[in-house]
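Here's the structure, in structure tokens; my notes come after.
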Amino acid sequence: MKTNVLGYPRIGANRELKKVCEKYWKGTATKTELVDMGKQLKLSNWTLMQEAGVDLIPSNDFSFYDQVLDASLTYGCIPKRYQEIKEKESKLDLYFAMARGLQNKDHDVTAMEMTKWFDTNYHYLVPEFKANQDFQLFSLKPVEEFKEALAHNITTKPVLLGPVTYLLLGKEKEAGFNRIDLLHNLLPVFYNLVEQLVNAGAKYIQIDEPCLALDITDKDRQAIRKVYTELAHKFPELHVILTSYFDCYGDNLETVLQLPVHALHLDLVRCSLQLDDILNADYFNNNTILSLGLVDGRNIWKNNFEETLATIQKVEAQIGLDKIWISSSCSLLHSPYDLDLEKNEETLPFAVKQWLSFAKQKVDELVTLKELAIGSSSKDVAKKQEENKRAHQNKKESSVIHNAAVKARVGLLTTDDSERNSEFSSRQKIQKDQLKLPIYPTTTIGSFPQTKEVRSWRSKFKKNELSLEAYNELIKKEIEETIHFQEKIGLDVLVHGECERNDMVEYFGEKLEGFAISNFGWVQSYGSRAVKPPILFGDVSRPVPMTVNWSAYAQSLSSKVVKGMLTGPVTILQWSFVRNDQSRSETCKQIALAIRDEVKDLEEVGLQAIQVDEPAIREGLPLRKEHWEAYLSWAVESFKIATSGVADKTQIHTHMCYCEFNDIIQHIANLDADVITIETSRSKMDLLNVFVDFKYPNEIGPGVYDIHSPRVPEVSEIEELLQKASKLLPVDNIWVNPDCGLKTRDWPETKLALENLVQAAKTMRSKLETAH
Ligand SMILES: Nc1nc2c(c(=O)[nH]1)N[C@@H](CNc1ccc(C(=O)N[C@@H](CCC(=O)N[C@@H](CCC(=O)N[C@@H](CCC(=O)O)C(=O)O)C(=O)O)C(=O)O)cc1)CN2
Ligand code: MET
Ligand SMILES: [Zn+2]
Numbered sequence: 077m078k079t080n081v082l083g084y085p086r087i088g089a090n091r092e093l094k095k096v097c098e099k100y101w102k103g104t105a106t107k108t109e110l111v112d113m114g115k116q117l118k119l120s121n122w123t124l125m126q127e128a129g130v131d132l133i134p135s136n137d138f139s140f141y142d143q144v145l146d147a148s149l150t151y152g153c154i155p156k157r158y159q160e161i162k163e164k165e166s167k168l169d170l171y172f173a174m175a176r177g178l179q180n181k182d183h184d185v186t187a188m189e190m191t192k193w194f195d196t197n198y199h200y201l202v203p204e205f206k207a208n209q210d211f212q213l214f215s216l217k218p219v220e221e222f223k224e225a226l227a228h229n230i231t232t233k234p235v236l237l238g239p240v241t242y243l244l245l246g247k248e249k250e251a252g253f254n255r256i257d258l259l260h261n262l263l264p265v266f267y268n269l270v271e272q273l274v275n276a277g278a279k280y281i282q283i284d285e286p287c288l289a290l291d292i293t294d295k296d297r298q299a300i301r302k303v304y305t306e307l308a309h310k311f312p313e314l315h316v317i318l319t320s321y322f323d324c325y326g327d328n329l330e331t332v333l334q335l336p337v338h339a340l341h342l343d344l345v346r347c348s349l350q351l352d353d354i355l356n357a358d359y360f361n362n363n364t365i366l367s368l369g370l371v372d373g374r375n376i377w378k379n380n381f382e383e384t385l386a387t388i389q390k391v392e393a394q395i396g397l398d399k400i401w402i403s404s405s406c407s408l409l410h411s412p413y414d415l416d417l418e419k420n421e422e423t424l425p426f427a428v429k430q431w432l433s434f435a436k437q438k439v440d441e442l443v444t445l446k447e448l449a450i451g452s453s454s455k456d457v458a459k460k461q462e463e464n465k466r467a468h469q470n471k472k473e474s475s476v477i478h479n480a481a482v483k484a485r486v487g488l489l490t491t492d493d494s495e496r497n498s499e500f501s502s503r504q505k506i507q508k509d510q511l512k513l514p515i516y517p518t519t520t521i522g523s524f525p526q527t528k529e530v531r532s533w534r535s536k537f538k539k540n541e542l543s544l545e546a547y548n549e550l551i552k553k554e555i556e557e558t559i560h561f562q563e564k565i566g567l568d569v570l571v572h573g574e575c576e577r578n579d580m581v582e583y584f585g586e587k588l589e590g591f592a593i594s595n596f597g598w599v600q601s602y603g604s605r606a607v608k609p610p611i612l613f614g615d616v617s618r619p620v621p622m623t624v625n626w627s628a629y630a631q632s633l634s635s636k637v638v639k640g641m642l643t644g645p646v647t648i649l650q651w652s653f654v655r656n657d658q659s660r661s662e663t664c665k666q667i668a669l670a671i672r673d674e675v676k677d678l679e680e681v682g683l684q685a686i687q688v689d690e691p692a693i694r695e696g697l698p699l700r701k702e703h704w705e706a707y708l709s710w711a712v713e714s715f716k717i718a719t720s721g722v723a724d725k726t727q728i729h730t731h732m733c734y735c736e737f738n739d740i741i742q743h744i745a746n747l748d749a750d751v752i753t754i755e756t757s758r759s760k761m762d763l764l765n766v767f768v769d770f771k772y773p774n775e776i777g778p779g780v781y782d783i784h785s786p787r788v789p790e791v792s793e794i795e796e797l798l799q800k801a802s803k804l805l806p807v808d809n810i811w812v813n814p815d816c817g818l819k820t821r822d823w824p825e826t827k828l829a830l831e832n833l834v835q836a837a838k839t840m841r842s843k844l845e846t847a848h
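Our numbering numbers the first residue of the sequence shown as 77 and each following residue consecutively.
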């Protein structure tokens with residue numbers, strides 16, 4: 077029996093990687109400093125796992141930005157626009173140019189597209205393929221990292237993104253071919269890489285094919301068969317570990333069970349039921365080792381040893397202990413680093429902390445579970461088992477989780493609670509009278525630049541170096557400046573700017589009952605950006621209003637309409653670590669009721685427009701289509717519970733980003749928000765087509781300014797996008813706004829860009845007038 081870790085977090089326990097990368101990009105850290113920090117982080121992970129006693133320690137799970145981009149570099153899949161950079165700059169600078177774009181006196185290239193990694197809040201860079209794309213071994217990072225560990229006497233298990241999943245995650249950038257047909261070109265390069273790893277001494281290689289958790293085609297399955305059959309022929313000595321995670325193998329099970337791989341990994345946290353199917357399948361090859369992914373890599377709850385051991389015993393009875401590995405369910409990339417760093421009883425009470433386990437603790441759980449499974453007689457192990465039992469017992473009996481009033485309120489929900497009083501067409505008339513906005517009303521998505529200064533106030537406040545009063549005064553001043561700025565440049569619907577929020581989800585986690593907050597529980601979201609998901613452990617309720625004072629204050633400063641700003645229930649659920657002792661739908665409805673109360677309070681103090689963001693609604697979709705309807709039904713209902721308590725005259729906005737709407741447009745329409753703002757500028761309004769084809773009835777603000785880039789769009793560019801939108805949608809339904817919030821931008825470019833946006837709207841209006 078072996079312990080197997082699929083991957084480890086890489087940003088550093090104190091976000092060292094973020095800090096050094098951002099310095100390097102600014103020019104205040106050298107390449108050597110950056111590379112050395114990478115080495116330190118890798119070594120510290122390997123050492124930690126080695127000392128803990130992990131048998132299969134991953135390498136090549138480190139990345140300076142993203143593991144899919146790493147694979148693009150490894151396989152030499154570099155889009156043409158980077159050719160000059162490839163020739164003139166270092167590999168590392170080419171890599172960052174692909175990740176972030178590069179604009180200086182010598183170069184001006186855009187970044188590669190970024191999208192969500194399966195159903196996580198991690199984003200990867202989308203490989204770009206052309207017809208007859210050729211590949212070459214361009215970077216030897218997997219081999220170098222293996223040797224790097226070996227130099228420290230640590231023999232690792234290199235982790236590679238499998239060739240089939242790599243192709244499926246990419247996009248055809250020209251018409252006329254299917255990316256899976258590129259396998260023919262990719263495979264020689266892939267085998268060459270494997271050969272070099274074998275030559276360097278690798279005995280085990282983990283190959284990730286998480287596309288096996290998706291609905292794929294027969295042709296894709298055929299590709300899987302080809303790769304893993306050939307691999308076994310070419311490298312008979314090599315131990316190939318095939319992994320997929322985040323969902324069942326489903327109808328790919330028969331294929332994978334027949335593959336000549338050394339070990340097959342199962343995510344038994346996301347899909348426990350497949351275990352029986354596998355053990356009973358007559359095509360299951362008994363020589364294959366099963367890597368049982370029983371320690372959750374996606375959530376932070378302590379493993380339940382008793383249950384896990386029961387599962388192991390069940391498998392043992394059929395295939396024997398020597399055919400079993402105990403593993404993390406997926407890479408621990410999605411877990412925070414180390415629970416031991418958490419010392420703040422106020423935000424993370426001991427009562428909750430004792431139920432948790434972060435990456436470092438999960439490694440320990442794996443090793444302890446192995447000891448228990450093989451019947452160790454160590455006192456230390458017995459003590460850990462006892463502690464584990466106590467924590468679970470104590471959770472069952474805990475009073476901090478359950479709130480009868482909250483449960484009762486969810487139980488009493490009726491369909492009336494998720495419907496507005498009148499239908500949209502009537503509301504629209506009332507709102508037009510009430511709000512008196514011009515045609516092409518302009519607005520923003522909520523956040524304004526989160527400056528270093530604002531963050532340092534919050535940091536000082538949290539360290540008690542700044543009093544609550546002083547902190548609040550500073551925030552008030554920031555809001556005042558933000559409001560005055562928007563008035564000055566002539567925006568129509570204003571926002572307070574969200575400067576009081578560390579993050580749009582963590583902030584609500586801090587205010588709501590039923591959540592705990594970690595101090596160091598950072599998880600990578602993309603590149604150098606991380607989030608600290610709040611920990612939803614109990615029934616959710618809102619002890620006091622959360623945003624009302626700030627929004628009311630902002631509204632008091634202006635006679636223009638100010639938009640209240642909230643995060644929706646589905647997004648709060650999706651971007652938190654949530655309890656697993658009740659259904660997500662139940663938890664989501666509890667959050668929805670808390671937000672509903674906040675919406676009503678905002679209305680009561682005079683906010684005439686209220687935005688409830690749901691950028692994660694699409695990401696929450698189950699990986700397999702058969703589960704979509706069930707999810708969408710409670711997700712839509714939750715949003716409607718949150719937003720339907722207001723009068724017809726109150727305008728409900730919502731916002732979504734990083735999102736294609738094709739398959740879910742009916743459900744988006746069912747949300748029945750008065751206004752939806754979406755990200756469209758990078759795709760030059762292409763994302764709008766689905767709204768047009770669907771004849772989406774409510775108002776829409778298609779983003780006209782790409783906020784992911786510091787580049788300032790010209791008035792004419794924005795106008796052009798608005799012209800395009802005006803041909804597709806009724807003019808009365810169009811809003812003018814950026815793609816998303818401005819928190820990652822700086823003030824200078826934000827000012828110029830928003831001035832241009834207002835100017836473009838004005839030009840559009842005057843053109844309409846002359847036309848009449
Ligand atoms: N949860 C979530 N998921 C999301 C998004 C989002 O906004 N939130 N947006 C999409 C894209 N993902 C994103 C994820 C993170 C960030 C982001 O900007 N994160 C910040 C951290 C934001 C934060 O929590 N800030 C805290 C802590 C800031 C901090 O680093 N403080 C310093 C001290 C600062 C000082 O004294 O100067 C420290 O702790 O060391 C605050 O403002 O209070 C970062 O990585 O830099 C942006 C987009 C999709 N998923
Ligand atoms: C990731 S969506 C962000 C919405 C939020 N209101 C903001 O502007 O930052
Ligand atoms: Zn957004």
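By construction, the Cβ of each residue, glycine as well, lies at the ideal position given by its N, Cα and C atoms.
Remember, predicted model here, so these are calculated numbers, not experimental data.
| Going by beta carbon distance, what residues of the same chain come within less than 7 angstroms of Ala801, once the five residues before and after it are set aside? | Met761, Leu764, Pro778, Ile810
| said: Using a Cβ distance threshold of 8 angstroms, determine whether the stretch 143–160 contacts the stretch 178–186, with at least three qualifying pairs required. | reply: Touching, per the Cβ criterion.
| Identify the residues that DSSP records as bridge partners of Val482: which are they? | Val482 is not bridged to any residue.
| Does the Cβ of Cys664 lie closer than 7 angstroms to at least one heavy atom of ligand 3? | no
| said: At a cut-off of 7 angstroms, would you count Gly817 as near ligand 3, judging by its Cβ distance to the nearest heavy atom? | reply: Distances taken from the Cβ of Gly817 to the heavy atoms of ligand 3 include one shorter than 7 angstroms.
| query | How many angstroms separate the CA atom of Val316 from the CA atom of Ser433? | reply | Taking the straight line from one Cα to the other gives about 29 angstroms.
| request: Rank Asp343, Asn379, Ile376 by C-alpha distance to the C-alpha of Leu366 and give the top, closest one. | output: Out of Asp343, Asn379, Ile376, Asp343 has the C-alpha closest to the C-alpha of Leu366.
| Alpha carbon to alpha carbon, what distance is there between Ala89 and Asp352? | 38 angstroms
| query | For ligand 1, is there a heavy atom less than 7 angstroms away from the beta-carbon of Trp401? | reply | no
| query | In terms of alpha-carbon separation, which member of Ile740, Leu747, His743 lies closest to Leu715? | reply | First, the amino acid is wrong: residue 715 is Phe here, not Leu. Minimum Cα distance to Phe715 is reached at Leu747.
| So, are the CB atoms of Pro880 and Tyr413 less than 8 angstroms apart? | Lying before the first or after the last residue shown, residue 880 is absent from the chain, which here runs from 77 to 848.
| From Gln562 to Gln179, what distance separates their C-alpha atoms? | 28 angstroms
| Roughly how many angstroms separate the alpha carbons of Val219 and Glu271, rounded to a whole number? | 10 angstroms
| said: Threshold first: 3 residues or longer. Then list the beta strand (DSSP E) segments lying entirely within the stretch 298–385, N to C. | reply: 315–319, 339–343, 365–371
| request: Tell me whether Ser627 sits in a helix, a strand or coil according to DSSP, three-state version. | output: helix
| field | Reference Gln143, options Trp193, Lys107, Val111, closest by Cα | value | Trp193
| message | Would Gln687 and Lys636 qualify as a contact pair, given that the criterion is a beta-carbon distance under 8 angstroms? | response | no
| task | Would you kindly check if the distance between the Cβ of Ser634 and the Cβ of Leu570 is under 8 angstroms? | result | yes
| task | Can you tell me the Cβ-Cβ gap for Leu201 and Leu145, rounded? I've got them flagged as a contact below 8 angstroms. | result | 4 angstroms
| field | Cutoff 8 angstroms; reference Gln600; Cβ partners in own chain excluding five residues on either side | value | Pro85, Arg86, Ile87, Tyr198, Leu409, Ala606
| query | In the stretch 727–786, which residue ranges form an unbroken beta strand (DSSP E) of at least 3 residues, counting only runs that do not cross its ends? | reply | Qualifying beta strand (DSSP E) stretches, in chain order: 727–732, 751–754, 775–778.
| task | Assess, as a yes-or-no matter, whether the stretch 352–362 is touched by the stretch 375–382 under the definition of 3 or more beta carbon pairs within less than 8 angstroms. | result | no
| So what's Met125 in DSSP terms, helix, strand or just coil? | helix
| task | Between the Cα of Val766 and those of Cys733, Lys843, Lys164, Leu804, spot the shortest distance and give me the residue it belongs to. | result | Leu804
| field | Beta-ladder partner(s) of Ser502, from DSSP | value | Paired residues: none, contrary to the question.
| request: Can you say whether Asp492 is buried or exposed, counting buried as having 16 or more other CB atoms within 10 angstroms of its CB? | output: exposed
| said: Between Pro691 and ligand 2, is there a pair consisting of the residue's CB and a ligand heavy atom that are separated by less than 7 angstroms? | reply: yes
| field | Those residues which DSSP pairs with Phe205 across a bridge | value | Glu248
| Is Thr726 closer than 8 angstroms to Glu674 when the C-beta atoms are compared? | Contact flag unset, no.
| task | Could you tell me whether the stretch 661–677 touches the stretch 706–720, where touching means 3 or more Cβ pairs closer than 8 angstroms? | result | yes
| Any idea what DSSP makes of Glu589, helix, strand or coil? | Reduced to three states, the DSSP call for Glu589 is strand.
| field | Val130 (DSSP reduced to helix, strand or coil) | value | DSSP places Val130 in coil when its eight states are reduced to three.
| query | If we count Cβ pairs, one from each stretch, closer than 8 angstroms, do we get three or more for the stretch 118–136 versus the stretch 212–232? | reply | With three or more CB-CB distances shorter than 8 angstroms, the stretch 118–136 counts as touching the stretch 212–232.
| query | What runs of the beta strand (DSSP E), each 3 residues or longer, lie entirely inside the stretch 529–600? | reply | 589–592
| Cβ-heavy atom distance between Gly585 and ligand 2 below 7 angstroms? | no
| query | Between Pro621 and Asp677, what straight-line distance do the alpha-carbon atoms span, to the nearest angstrom? | reply | 7 angstroms
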